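Chemist:
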Amino acid sequence: MKKQDMNRDWIATAATLNSALPYLQRYDGAIVVIKLGGHAMGSDEAMESFARDVVLMRQVGVNPVVVHGGGPMINAMLDKLDIRSEFVNGKRVTDAATVEVVEMVLSGIVNKRIVQAINAQGGTAVGLSGKDANLMTCEQTDASLGYVGTPAEMNPKILHDLFSHDVIPVIAPLGAGRNGETFNVNGDTAAGAIASALKADRLLLLTDVSGVKNAAGEVVTELKAGQIREMTREGTIAGGMIPKTETALDALHSGVRAVVILDGRAPNAVLLELFTEHGAGSLIRPD
245 MKKQDMNRDW
255 IATAATLNSA
265 LPYLQRYDGA
275 IVVIKLGGHA
285 MGSDEAMESF
295 ARDVVLMRQV
305 GVNPVVVHGG
315 GPMINAMLDK
325 LDIRSEFVNG
335 KRVTDAATVE
345 VVEMVLSGIV
355 NKRIVQAINA
365 QGGTAVGLSG
375 KDANLMTCEQ
385 TDASLGYVGT
395 PAEMNPKILH
405 DLFSHDVIPV
415 IAPLGAGRNG
425 ETFNVNGDTA
435 AGAIASALKA
445 DRLLLLTDVS
455 GVKNAAGEVV
465 TELKAGQIRE
475 MTREGTIAGG
485 MIPKTETALD
495 ALHSGVRAVV
505 ILDGRAPNAV
515 LLELFTEHGA
525 GSLIRPD
């Protein structure tokens, strides 16, 4: 019988799995909402890696929900169709022609790409938007923005039904108005509303930055809600990080246990956050 040499990488892998046990037990049955941004799904390799992580989460008993954006893909399609699009305070002005393109790209191209990637890794994913099963009823955010909506009523029953059948929901951030309109919803806002409706254990906001940074430019790994408010008043949190931290605060106020802002471009970011002592990004908890 040939003696098999113990490879150091194998030993390290076994040690990693062993050390993950408390975290696997901690998140068994937990609901984790993941906001996947447009930039984080830029390459096929990144999408494949993310899908594999999500399938692994489901395999070990976590109930993942993927809520995605798609801004770069929407911009590309609008350019291709020669439809002009403007932004006001970081929000896309969405007229009737634009909202048709937004729905086509988000519910069609982007959503199904993620669904296919998860299914290719052995998971069972189903694509939805906030319009399905009355998941997300919206009100118009601001008349000057056109068909941009703010979630007003949530009905997460369909998501619980999918959990009971080991199905992974993949949700496009679109909502229905009370008069049959289709509303474009900011992806972070939609993820926060869904996490709040589910009273999720974690809301993971995948971005293209490493987390919330202090005045010295260093990532702060753990924060309380009060610290976020103070850093915003001081101007330390500014620009595109403000809507993400506002989403985090709203979610915490609505019963989400904790929110993490992390770099979605980092390999296996969600697994590092959930199943290792080190974690990833900035963990935000209630006061």
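Each number in the numbering used here comes from the position in the sequence shown (counting from 1) with 244 added on. Each residue gets a CB set at the ideal place from its N, CA and C atoms; glycine is no exception. Quick caveat, the model's predicted, so the values are computed rather than measured.
(1) Write down the C-beta distance between V503 and A513 rounded to the nearest angstrom, noting that I regard them as a contact closer than 8 Å.
(2) In angstroms with no decimal places, state the Cα-to-Cα distance between S373 and N251.
(3) Looking at the secondary structure, which residues open and close the alpha helix (DSSP H) in which K488 lies?
(4) Check for me: the beta strand (DSSP E) holding H312 runs from which residue to which?
(5) Taking Cβ to Cβ, would you say F427 is nearer than 7 Å to G470?
(6) Taking C-beta to C-beta, are V346 and I318 nearer than 7 Å?
(7) Within its chain, find whatever has a CB closer than 8 Å to the CB of A420; leave out the 5 residues flanking it on each side and keep chain order.
(8) Among A495, F407, I481 and D432, which residue has its Cα nearest to the Cα of K443?
(9) On the criterion of 16 or more Cβ atoms from any shown chain inside 10 Å, does L447 qualify as buried, or is it exposed?
(10) Measuring straight from C-alpha to C-alpha, what distance separates R296 and Y267?
(11) Distance, Cα to Cα, S388 vs A258?
(12) List the residues that DSSP assigns as beta-bridge partners of L300.
(13) Mark V343 as exposed unless 16 or more other C-beta atoms lie within 10 angstroms of its C-beta, in which case mark it buried.
(14) Around the Cβ of A416, are there at least 16 other Cβ atoms within 10 angstroms (buried) or fewer (exposed)?
(15) Taking Cβ positions, are A274 and D410 nearer each other than 7 Å?
(16) Note the first and the last residue of the continuous alpha helix (DSSP H) segment covering E478.
(17) Which residue comes first and which comes last in the alpha helix (DSSP H) that contains P400?
(18) So, helix, strand or coil for Q269, using DSSP?
(19) For S287, which residues in the same chain have their Cβ closer than 8 Å to its Cβ, ignoring the five residues on either side in sequence?
(20) What would DSSP say about M245, mapped onto helix, strand or coil?
Modeler: Put simply:
(1) Not confirmed; about 14 Å, so no contact.
(2) 46 Å
(3) M485 to H497
(4) N307 to H312
(5) One thing to note: F427 has its Cβ no nearer than 7 Å to the Cβ of G470.
(6) yes
(7) Hits under 8 Å: G374, K375, N378, M380, T381, C382, T426 and F427.
(8) When only C-alpha atoms are compared, the closest one is A495.
(9) buried
(10) 18 Å
(11) S388 and A258 have their C-alpha atoms roughly 56 Å apart.
(12) Residue pairing by DSSP leaves L300 without any beta bridge partner.
(13) buried
(14) buried
(15) no
(16) A469 to E478
(17) No alpha helix (DSSP H) holds P400; DSSP gives it neither H nor E.
(18) helix
(19) none
(20) Confidence at M245 is low in this model, with a pLDDT of 46, below 50, so its placement is unreliable and the value that follows should be read with caution. Here M245 sits in coil by DSSP.
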